[in-house]
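Participant: Numbering-wise, the sequence shown is residues 1 to 743 according to the numbering used here.
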Amino acid sequence: MSWKFPRALAAGLFSSLLVTGVLAEDAPPSINKLTEQLASKDLPARREAAFQLLHLGAAAKPALPALLKALDDDDKQIWSYVIQAIAAIGPDAQEAIPVLIERFDSRKGRGKRERDLRQGMMRTAYALSRIGAPAVPPLIQALGEGDGSLRMGATRALGAMGPAAHDAVPALIKNLADNQDPLRDESAQTLALIGANAGPALVTALQDSEARRRTGAANALALMNPPFQAGAKDVEQAATNEKDPLARTALLAALPKTGVPPDRCVALILPAVTDENETLRHAALNALLSNSAVRQAAVPKLAALLKDNNPAVRERAARALGRVGPGAVDALPTLLQAARTADGAPAYADALAQIGPKALPALLDILQKSKPAESKWVLRILHSFGPPAVPVLAEALKSNTPEVRIAAANALAEMGHEADTAAKSLFVSTKDSSPAVQAAAFRALVAVHADSGRLKPLLQEALTDKDPQVRRAAAAGMAALGGAAALGVDGLVDLLSDDNPAGRIAAVQALGQLGDKAAPAVNALISRLDDPVLQSSVVEALGHIGPAAAPAVPRLVEMAKSKKDDQRTSILPVLTGIGPGAKEALPLIYEAVRDSAPDVRASAATALASVETDNGKAITVLAPLARSTESGKVRRAVAHALAKYGPAASAAVPGLITMLEKETERGEAMRALKAIGVKNVPDLLAMLSVNDPRVKTFACESLGSLGPEAKDAAPKLREVAAQDGALRASANAALKKIDPSAP
């Protein structure tokens, strides 16, 4: 059964709602009412009036005088609504023109933020552009005024009008030679926005005696869209004759946009592509790339430059072809020959990589046919391709030449995880007839993060291979995959002499994983501290070994004296791990405690507590570092260090208490305070004021342990007991111990 609302009843109810105004919209306020409201002292009322007038559009014209007056309102929101309202009135707002133009004057903007000035100029310019044609003559007049801000605003307003501002072209072209760079740039953009009507005058200006005006005219032609192509011959002639660097640079950008034939563009642009002036080169490259027809016409010309006698010219041509990208594929043979001659220099590698996958078959062909010594440059270039080159390198693993197979495996190893898709081919290569290829394949499999479940058994088997290079590659792999225990210290020390840097690094890291069990390797590790590839890894490994690494202290001290913060912050933790056996480093540590770098001071504080056996001396240095003026990192390190001294470090308690106010430092401070013990009543009262229940509980318990000596704390404890239910039991227990006779 369905129920329907009676239609007659529904109609009656709707009529009633209309009468009572429940559904009727409130009538909008009148223009007069809004005008009065706009002058109100009530800020929300003024904002609402400005907002309402904005949405009236042209109908708000009667309010224009009030709107102009409101432009001086200090409220940014009101100003924004008002300027938009004037813009919305449009051509009927002619009387606003002089007021708006006057607002461009820099004197009107004194004391305002740069951002507000920019916003004001843009919105005022927009309002003038909406008023349209009546604003053009006064704006043209403003272009000739002495105030730069006034000229800039007028220029921007004319630009917003586009073709309608064509009468301003002569004045704008005059300003292309202005002393102010921003005004020249704005004038060029406005001329470009005016479009074809400005074209003839701009072409004529290319012959002007003033270089800045020629530059601006060329910039305007380059920016114009749709382009002005009626003066192509004049533009070409100007580019041929131009000597000024800035004007020439601008003309290069204009050439492809102004109808100059592609072959002529290339002829004029190409010399600049290899010019010594970097700015000119960039402009020339951008000009070549801005037009597809010019770009393709340039490829054979750039390819010819790859045979130039000057190496710098060849490299610049290669970079240009790289910027062309896949469209430069026709230049591949010449580019590859130039790359071969330059032994795969970065300029050629980058160019080939930018041409992309189309270059890969040719590179593989060269790789397969080249002698081993000649193929290294190809592999370097393939490496620069990244993942797209992986299939090519995997294919190269099948080469008839062992040296090519080795080089391909090494290239895949250098690519790391990016080459993981080649793992299947690399696993096949572990059974290669050449031990050197097998070794390279094992190293590559580790580097590309191949499946360790499949790889580890192969490495374990290879540890007993008859060939030493296979055994060493397997050992490096085992070390890298966490198999340090299986290799033992002797095996890892032997691996420290691996010809491959990755193997040496794996050995060092594996010895670090063994911790103090690697003590027999300390001298071998010390001898590797001069190896820049291994140095940081060796320092870290010595830190893991601990006290047994004491023989390394003299060398570590010598390294730390380099005054490099990053080196000292890595060495100081090693000294911490060595402990008292590093006493030879104490002068260095004491000096580091006073260092200007917080990271160094923090590491030094921790090292001092570990190495210095004179506790009193260490505490005297460390306690002041808990003060509030110190870095938070230093204070945390100091608090951690002071905890080991227990009650002997009581001098640090006031500083540690100040740390309790910071949540990031509270944990370390409490740990130290608990270890030291707090016996001073004022200190404990200060702790009761810290907004943390753990701190307050500790303070209550410590006050209670003092018994009657803490009687001065009784009022505060009673206050805590009354205010904090969670702490009531602790506070009452303390009060009972302080005065057992109290009720």
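We put the CB at the ideal spot given by N, CA and C, even for glycine.
(1) Which same chain residues, not among the five before or five after Ala-347, have their C-beta less than 6 Å away from its C-beta?
(2) Count the other CB atoms within 10 Å of the CB of Asp-712; is the residue buried (16 or more) or exposed (fewer)?
(3) Can you give the Cα-Cα distance for Ala-238 and Leu-183, rounded to whole angstroms?
(4) Would you check if the distance between the CB atom of Gly-503 and the CB atom of Arg-472 is smaller than 8 Å?
(5) Between Gln-207 and Ala-272, what straight-line distance do the alpha-carbon atoms span, to the nearest angstrom?
(6) Please report the distance separating the alpha-carbon of Leu-128 from that of Ala-345.
(7) At which residue ranges does the segment 622–677 contain complete alpha helix (DSSP H) runs of 4 or more residues, listed in the order of the chain?
(8) If I follow the unbroken alpha helix (DSSP H) through Phe-442, where does it start and stop?
(9) How big is the Cα-Cα spacing for Ala-87 and Pro-65?
(10) So what's Phe-104 in DSSP terms, helix, strand or just coil?
(11) Just the Cα atoms here: how many angstroms apart are Leu-642 and Asp-75?
(12) Would you call the segment 140–147 and the segment 91–110 in contact, with 3 or more CB pairs under 8 Å?
(13) Could you work out which residue in Leu-176, Leu-458, Asp-420 and Leu-306 is closest to Gln-438 when comparing CA atoms only?
(14) Alpha carbons only, please: which of Asp-530, Leu-575 and Val-392 is nearest the one belonging to His-544?
(15) Between which two residues does the alpha helix (DSSP H) holding Ser-536 run?
(16) On the CB-based measure, 16 or more other CB atoms within 10 Å of its CB, does Lys-696 come out buried or exposed?
(17) Could you tell me the alpha carbon to alpha carbon distance between Ala-686 and Ser-610, rounded to whole angstroms?
(18) By alpha-carbon positions, which one of Lys-371, Leu-525, Asn-175 and Pro-532 ends up nearest to Glu-210?
(19) By Cβ distance below 6 Å, which residues in the same chain neighbour Asp-308 in space, the five residues on each side in sequence not counted?
(20) In three-state terms, what does DSSP make of Ser-705?
(21) Count the CB pairs spanning the segment 481–498 and the segment 397–409 that are closer than 8 Å, and state whether there are at least three.
(22) Excluding five sequence neighbours on each side, which residues of the same chain lie with their C-beta closer than 6 Å to the C-beta of Asp-599?
(23) Would you report the Cα separation of Arg-130 and Gly-90, rounded to the nearest angstrom?
(24) Are the beta-carbon atoms belonging to Ile-83 and Arg-47 less than 8 Å from one another?
(25) Using the rule of at least 16 other Cβ atoms within 10 Å of the residue's Cβ for burial, across every protein chain shown, is Ala-744 buried or exposed?
(26) Please go through the same chain and pick out, in chain order, the residues whose beta-carbon is closer than 8 Å to the beta-carbon of Val-22, but skip the five residues on each side of it.
(27) Measure the C-alpha to C-alpha separation of Lys-424 and Pro-311 and round it to an integer number of angstroms.
(28) Can you look up Lys-112 in the DSSP assignment and give me helix, strand or coil?
(29) Could you give the first and the last residue of the continuous alpha helix (DSSP H) run that contains Arg-601?
(30) Which two residues bound the contiguous alpha helix (DSSP H) that contains Thr-215?
(31) To the nearest whole angstrom, what separates the beta carbons of Leu-364 and Ala-342, a pair I think is in contact under 8 Å?
(32) Along the chain, where does the alpha helix (DSSP H) containing Glu-145 start, and where does it finish?
(33) Residues in its own chain within less than 6 Å of Glu-719 by CB, not counting five upstream and five downstream?
(34) Answer yes if the segment 409–428 comes into contact with the segment 460–471, meaning at least three C-beta pairs across the two stretches below 8 Å, and no otherwise.
(35) Could you give the residue range of the alpha helix (DSSP H) that holds Thr-430?
(36) Tell whether a beta-carbon distance below 8 Å holds between Leu-306 and Thr-274.
Facilitator: Looking at the coordinates:
(1) To locate residue 347, count along the sequence shown from 1; it is residue 347. Glu-315, Ala-318 and Arg-319.
(2) Your numbering for residue 712 matches position 712 in the sequence shown. Exposed, because fewer than 16 other Cβ atoms sit within 10 Å of the Cβ of Asp-712.
(3) On the sequence shown, residue 238 is found 238 positions in, with the first residue counted as 1. On the sequence shown, residue 183 is found 183 positions in, with the first residue counted as 1. So the two alpha carbons sit approximately 24 Å from each other.
(4) Working through the sequence shown from its first residue, we reach residue 503 at position 503. Working through the sequence shown from its first residue, we reach residue 472 at position 472. Their beta carbons are under 8 Å apart, which means Gly-503 touches Arg-472 by this criterion.
(5) Translated into positions along the sequence shown, residue 207 becomes position 207. Translated into positions along the sequence shown, residue 272 becomes position 272. Near 21 Å, if we compare the C-alpha coordinates of Ala-272 and Gln-207.
(6) Working through the sequence shown from its first residue, we reach residue 128 at position 128. Working through the sequence shown from its first residue, we reach residue 345 at position 345. So the two alpha carbons sit approximately 57 Å from each other.
(7) 632–642, 653–659 and 663–676
(8) Here the question's residue 442 lines up with position 442 in the sequence shown. Element bounds for Phe-442: 435–447.
(9) Numbered from its first residue, the sequence shown carries residue 87 at position 87. Numbered from its first residue, the sequence shown carries residue 65 at position 65. Distance between the alpha carbons of Ala-87 and Pro-65: 14 Å.
(10) The residue labelled residue 104 in the question sits at position 104 within the sequence shown. In this structure, Phe-104 counts as coil in the three-state DSSP scheme.
(11) By one-based count along the sequence shown, residue 642 stands at place 642. By one-based count along the sequence shown, residue 75 stands at place 75. Taking the straight line from one Cα to the other gives about 57 Å.
(12) yes
(13) Counting from one through the sequence shown, the residue named residue 438 turns up at place 438. Nearest of Leu-176, Leu-458, Asp-420 and Leu-306 to Gln-438, Cα basis: Leu-458.
(14) As a first step, residue 544 must be located in the sequence shown, where it is residue number 544. When only C-alpha atoms are compared, the closest one is Leu-575.
(15) Numbered from its first residue, the sequence shown carries residue 536 at position 536. Unbroken alpha helix (DSSP H) run through Ser-536: 535–545.
(16) As a position in the sequence shown, residue 696 is number 696, starting the count at 1. Lys-696 comes out buried.
(17) Here residue 686 refers to the residue found at position 686 of the sequence shown. Here residue 610 refers to the residue found at position 610 of the sequence shown. The straight-line gap from Cα to Cα measures roughly 31 Å.
(18) In the sequence shown, counting from the first residue as 1, residue 210 sits at position 210. The candidate whose alpha carbon is nearest that of Glu-210 is Asn-175.
(19) Residue mapping note: residue 308 aligns to position 308 of the sequence shown, counting from 1. Once the five neighbours on either side are set aside, the close Cβ partners of Asp-308 are Arg-314.
(20) Position 705 of the sequence shown holds residue 705. Looking at Ser-705 - three-state DSSP - the assignment turns out to be helix.
(21) no
(22) Here residue 599 is taken as the residue at index 599 of the sequence shown, counted from 1. Closer than 6 Å at Cβ, skipping near neighbours: Thr-569.
(23) Start at 1 with the first residue of the sequence shown, and residue 130 comes out as number 130. Start at 1 with the first residue of the sequence shown, and residue 90 comes out as number 90. About 5 Å.
(24) What you label residue 83 is simply residue 83 of the sequence shown in a count that begins at 1. What you label residue 47 is simply residue 47 of the sequence shown in a count that begins at 1. No; because the gap between Cβ atoms is not below 8 Å, this pair is not in contact.
(25) Here the chain comprises residues numbered 1 to 743, so residue 744 is not present and cannot be evaluated.
(26) If you number the sequence shown from 1, residue 22 lands on position 22. Low confidence applies to Val-22: its pLDDT is 39, below 50, so where it sits in the model is not reliable enough to give any reading.
(27) Numbered from 1 along the sequence shown, position 424 holds the residue referred to as residue 424. Numbered from 1 along the sequence shown, position 311 holds the residue referred to as residue 311. Each residue's alpha carbon lies about 41 Å from the other.
(28) Here residue 112 refers to the residue found at position 112 when the sequence shown is read from its first residue. Of the three classes helix, strand and coil, the one that applies to Lys-112 here is coil, per DSSP.
(29) Along the sequence shown, one-based indexing puts residue 601 at 601. From DSSP, the alpha helix (DSSP H) with Arg-601 extends over 598–611.
(30) Taking the first residue of the sequence shown as 1, we reach residue 215 at position 215. Where Thr-215 is concerned, the enclosing alpha helix (DSSP H) stretches over 211–223.
(31) Locating residue 364 in the sequence shown gives position 364, where the first residue counts as 1. Locating residue 342 in the sequence shown gives position 342, where the first residue counts as 1. Going by Cβ atoms, the distance from Leu-364 to Ala-342 rounds to 20 Å, so no, they are not a contact pair.
(32) For the purposes of this step, residue 145 is taken as the residue at position 145 of the sequence shown. Run containing Glu-145: none; DSSP gives neither H nor E here.
(33) Taking the first residue of the sequence shown as position 1, residue 719 is located at position 719. Counting only Cβ-Cβ distances below 6 Å, and skipping sequence neighbours, we find nothing.
(34) no
(35) Taking the sequence shown and counting its residues from 1, the one referred to as residue 430 is at position 430. That residue, Thr-430, is in no alpha helix (DSSP H); it is neither H nor E in DSSP.
(36) Taking the sequence shown and counting its residues from 1, the one referred to as residue 306 is at position 306. Taking the sequence shown and counting its residues from 1, the one referred to as residue 274 is at position 274. No, they are not a contact pair.
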